[in-house]
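Residue 167 in numbering that gives the first Met the number 0 is what sits at position 168 of the sequence shown, and the numbering runs on without skipping anything. Some notes on the structure that comes next.
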Amino acid sequence: MLDKLNVVFQRFNEVNDLIIQPDVISDSKRYVKLNREYKNLKPLVDAREKYLELSSRIEEAKTVLREEKDADFRDMAKMELDDLDPAFLELEEEIKILLIPKDPEDDKNALVEIRQGAGGDEGAIFAGDLFRMYQRYCEGKGWKIEVISMNEGTAGGFKEVSFEVTGESVYGILKYESGVHRVQRVPATESQGRVHTSAASVVVLPEAEDVDVDLDMKDVKKDTYRAQGAGGQHVNKTESAVRLTHLPTGIVVECQDGRSQHKNYEQALKVLRSRMFDMEFKKKQAEQAAKRKTMVSTGDRSAKIRTYNYPQGRVTDHRIGLTTYNLNDVVGGEIQRFIDELHMAENAEKMKEGTDII
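Following this line, the structure appears as structure tokens:
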């Protein structure tokens, strides 16, 4: 383990030297990439320092027990070992997790798409509930949300809403939300008081950078049209809405929320890049999923991942069998426990399957 930590320490020092070089500072993409690597390596460097300190103290205590004749000194050394040994074992487990390679996409911003599923109007209302849940969660994390496009439901909520989330390690956290979310409750339109089951799908994509996708604009067909919201609201007299079609793959992206055609074009292009990148990304995830028993970070978007049961005040994540009875808090944005448990489950799977560590 120390050999691996020493390799990390050596790389950390190299990166530390590189980020102050003028040619690196002038290259913004390389500078950002190295800063990101520096930040990812820092916890391991700190753990290495603690590892060396505990190892030294344990060796000193063992030396005292071997060589010291004084009973009081020996008792003190034994007491210290009783404290240090469990702490050292705990630190080793922490380091094993830290040494699991992070997915390079985890540090990226994310594009989130929520779509109405089964349940008609209630499905659209639930999609709106999920959107507000993520809004509040992101606000609590200090992340910024920018709506890219939305199609409002006739009875409220959204038939579809897409938004970008920018902040620290956004995709690595929100990726666990990809999949089908199911709600069980009495719809406002239900006169008999019967519980209905509705659904909405969530797709979380890592934001693609220019270097991630080889996009030939000759393969992209651009159409413009007049933006229009539900009920005739938000109607533009100019053709500000943009539709991009990637001819080789058939991917279609529409954006109409911005007030200018230029803004909508930029946003649509960003989504198109991310969807193209995601096609390749899903292939890699499918290969990983084939090796694992759980569908944690692989984002099988047709899989039912979570149920929100209003009569019982219950939320259940089906991937890890976690059930809580604080539904109001969860839909109010308190989803961190689910994300933490899913992250732990993913790490456990990686360690079990023998994922190569740094």
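We put the beta carbon where it would ideally sit given N, CA and C, even for glycine.
(message) Closest to L43 by C-alpha separation, out of I338, L173, V7, R73, would be which residue?
(response) From the listed residues I338, L173, V7, R73, the smallest Cα separation to L43 is found for V7.
(message) For the segment 121-130 against the segment 147-165, do three or more pairs of beta-carbon atoms, one drawn from each stretch, fall closer than 8 Å, so that the two count as touching?
(response) With a cut-off of 8 Å on Cβ pairs, the segment 121-130 is in contact with the segment 147-165, counting three or more such pairs.
(request) Starting from the C-beta of T244, find all residues in its chain whose C-beta is less than 6 Å away, skip the five residues before and the five after it, and write them out in chain order. (result) Once the five neighbours on either side are set aside, the close Cβ partners of T244 are K220, V251.
(request) Check each candidate in S148, E112, D120, E104 and name the one with the smallest Cα separation from E253. (result) Nearest C-alpha to E253 among S148, E112, D120, E104: S148.
(message) Distance check for V201 and Y136, CA to CA, integer angstroms please.
(response) Cα-Cα distance, rounded: 15 Å.
(message) Are the CB atoms of S239 and Q260 within a distance shorter than 8 Å?
(response) In this structure, S239 lies closer than 8 Å to Q260 by Cβ.
(message) So, for A86: in the same chain, excluding its five sequence neighbours on each side, which residues have a beta-carbon less than 8 Å away from its beta-carbon?
(response) L53.
(message) Let me confirm a value: E92 is counted as buried when at least 16 other C-beta atoms fall within 10 Å, else exposed. Which label applies?
(response) Taking all protein chains shown into account, E92 has fewer than 16 neighbouring C-beta atoms within 10 Å of its C-beta and is therefore exposed.
(request) Output the distance between the C-alpha atoms of L90 and D45, rounded to the nearest integer angstrom. (result) One C-alpha to the other measures close to 11 Å.
(message) If you reduce the DSSP assignment to three classes, tell me which class Y50 lands in.
(response) Y50: helix per DSSP, three-state reduction.
(request) With a threshold of 16 other CB atoms inside 10 Å of the CB of F72, please say whether the residue is buried or exposed. (result) Result: exposed.
(request) With DSSP as the reference, label V160 as helix, strand or coil. (result) Looking at V160 - three-state DSSP - the assignment turns out to be strand.
(message) One question on the structure: do K77 and L98 come within less than 8 Å of each other, judged by their Cβ atoms?
(response) With respect to the 8 Å criterion, K77 and L98 are not classified as neighbours on the basis of their beta carbons.
(request) Under the assumption that A360 contacts A117 (Cβ atoms under 8 Å), give the Cβ distance between them as a whole number of angstroms. (result) Only positions 0 to 357 of the chain appear in this structure, which leaves residue 360 out of reach.
(message) For G122, report the span of its beta strand (DSSP E) as first-last.
(response) First-last for G122: 120-140, but that is the alpha helix (DSSP H), not the beta strand (DSSP E).
(request) State the Cα-Cα distance for the pair R131 and A123, rounded to the nearest angstrom. (result) Between the alpha carbons of R131 and A123 lies a distance of about 13 Å.
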